[in-house]
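Working notes, structure below.
In this note's numbering, the protein residues as written are 4 to 664.
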């Protein structure tokens, strides 16, 4: 076969499958444009010098995006190859050798590579400039940075092309294996044998497994207590829910549809009869695709919501960590025998004032303790199982720090919490002593913004605090080791001298002075990295979601056209066929969105606990953003479905009789 003839076949193939190949090329170009952006940020000299944490996040995002790219490319290629199986079979039947078919695929692969490379490199470079300026805005450095600080490293181009070569090479190898290991008859049989009977035992196992996994994941998400417990639990809950989702899509959907077949009033309805049978056939082949769409929608809602809330929470997190002062430190006397916390605090302040003049001094005295909480809110010693961390502070200290006038009776405790470990009970038992609970409603928001624990407790005086600590601490523990003082202050003069002698203070007093300006810089780097990661992953997920929708409907459109044309020939009215098509599409598109909404609503509590770490303390602000994102994603998903459905209708209705016919 001559090269000229081969080239003509390639052009004709591209024309015949343009509805498949154009979205594939554009989507891969977009994803590899994201690769270019990540590589340009991770290898940018400015970020290595000024915000190295950003480059670390870029590397993490690069790894995640690479996995998504490979999965997506193989997934999309599978649909394209399925669409072309009959053409390959016919070509081989008419005498085309497998080596010629492989060479044809190679030329197509090279052309796709060149187009994707050009678009992704040019587009990636332009959007890298925008991302560079956006990240610097989030880093609070937009007054000092220009595009002149952005430099393009040519290694970025070569690495992007290398990753693209690896992915396109993998696609080519998969296609070669599919073509060379099968004869024309096998290809045609595979084309016509997509729906296989699934054994009932397998369906029952999948159903039970799915219900157990999904129920376990929901239970973890709904019963999580405290911020730190939520951080440990969220990934376990996600894994359980998503695996359970796949199992239920493959089993529960079929059981439900077959159950409808047993209800004569439903099953023998003119439209539902065809819809139910069609859905059973579809779910045998589409269950995984629908589960993929559901999981991607859930990830998309969570990722976009977390990205927006991270951006909003950054200033509040900085304010909380820095106390709006120049320096902060924590003073303890842990493992320092015969030392008073008060005396050590005074000594640290004296040593600081040797080198600098300070003002706006802020002190906060408290105790953090891990405890066990038993039934009926009985506080007990934590041995191997620590149920909660509790922050205790005396009434006098609480009133001074928060400018309040709280007055507690000897048998009362002021309480607020970041969890729901205490429930709604109004009494608490510590040792043999019963205490009434006083909710700190007026200062709840302020306390939660500074809490490092699950529960905040105000005790009437320091003497009672010591009694409580003696009750809750194991006998071999020293009470003084758990007491702390937070210091925060501004430096009016001598900041340079204090920086120079901070190591001397550390060696002498065992106290680390933290420069809040440096801390703010690190916080904004962390938030910028998380936002960057969220933007990239969200963009990739949107692209993948669109391609799954598009290819699934394109492949099914050709098959459904034949089925519905046959129904039309058998005398089924065109209006009935159209109702069947519309009903099936509504079910197929609504189901993943509905499941994603349920997952998202169940995850509300655990996501709020996790995002609290990043400075989001306002529940109403969280709810507004979270549910706003949910609505926007669902609306966008609906628009995608409408667009894809239009293409599907155009293909399926081709050849069907008009209603008046």
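Here a beta-carbon is modelled for each residue, glycine too, at the ideal position from N, C-alpha and C.
- Here the alpha carbon of residue 342 sits roughly 11 Å from the alpha carbon of residue 512.
- Cβ atoms of residue 424 and residue 457 come within 8 Å of each other, at about 6 Å.
- The beta carbons of residue 45 and residue 62 sit about 5 Å from each other, so the pair counts as a contact at 8 Å.
- Using a Cβ-Cβ distance cut-off of 8 Å, the stretch 428-435 and the stretch 396-408 are not in contact, since fewer than three pairs of beta carbons, one from each stretch, lie closer than that value.
- Residue 486 counts as buried, since at least 16 other C-beta atoms from the protein chains shown sit within 10 angstroms of its C-beta.
- In this structure residue 213 is buried. Its beta-carbon is surrounded by 16 or more other beta-carbon atoms within 10 angstroms.
- Checking the DSSP bridge columns, you'll see residue 362 partnered with 493.
- In the structure shown, residue 532 adopts helical secondary structure according to DSSP, grouped into three states.
- DSSP links residue 394 through a beta bridge to 371, 459.
- Within the same chain, 41 come within 6 Å of residue 65 by CB-CB distance, once the 5 residues on both sides are set aside.
- Across the set 72, 443, 383, 316, the C-alpha of 316 shows the shortest separation from the C-alpha of residue 529.
- Under DSSP, residue 649 shares a beta bridge with no residue.
- For residue 22, the enclosing alpha helix (DSSP H) begins and ends at 21-45.
- Put simply, of 595, 204, 610 the residue whose alpha carbon is nearest the alpha carbon of residue 310 is 610.
- Look at residue 302 here: in three-state DSSP terms it is helix.
- A contact between stretches requires three or more CB pairs, one per stretch, nearer than 8 Å, and the stretch 112-132 meets this requirement with the stretch 160-167.
- Residue pairing of residue 417 in beta bridges, as defined by DSSP: 441, 461.
- The residues 174, in chain order, have a CB closer than 6 Å to that of residue 80 in the same chain once the five nearest residues on each side in sequence are set aside.
- Using a Cβ distance threshold of 7 Å, residue 306 and residue 534 do not count as a contacting pair.
- For residue 518, the beta-bridge partners assigned by DSSP are 330.
- Beta-bridge annotation (DSSP): residue 488 is paired with 334, 368.
- When the beta-carbon positions are compared, residue 72 and residue 141 stay at least 7 Å from each other.
- For residue 615, no alpha helix (DSSP H) segment is defined, and its DSSP state is neither H nor E.
- Going by beta carbons, residue 374 and residue 391 fall inside the 7 Å limit.
- Counting C-beta atoms within 10 angstroms of its own C-beta, residue 640 has 16 or more neighbours from the protein chains shown and is therefore classed as buried.
- With contacts defined as CB atoms closer than 7 Å, residue 599 and residue 250 fail to qualify as a contacting pair.
- By the neighbour-count definition (other C-beta atoms within 10 Å, threshold 16), residue 243 is a buried residue.
- Distances from the CA of residue 279 to each of 655, 321, 589, 159 were compared; the closest alpha carbon is that of 589.
- As the crow flies, the alpha-carbon of residue 85 is around 15 Å from that of residue 563.
- Assignment of residue 377 by DSSP, reduced to helix, strand and coil, places it in the strand class.
- Per DSSP, the continuous beta strand (DSSP E) segment holding residue 432 begins and ends at 430-433.
- Scanning its chain for C-beta atoms nearer than 6 Å, with the 5 sequence neighbours on each side dropped, one finds around residue 465 the residues 397, in chain order.
- Nearest neighbour of residue 150 by Cα position, chosen from 514, 217, 135, 622, turns out to be 135.
- By the CB criterion at 7 Å, residue 613 and residue 332 fall outside the cutoff.
- With 16 or more other Cβ atoms inside 10 Å of its own Cβ, residue 32 counts as buried.
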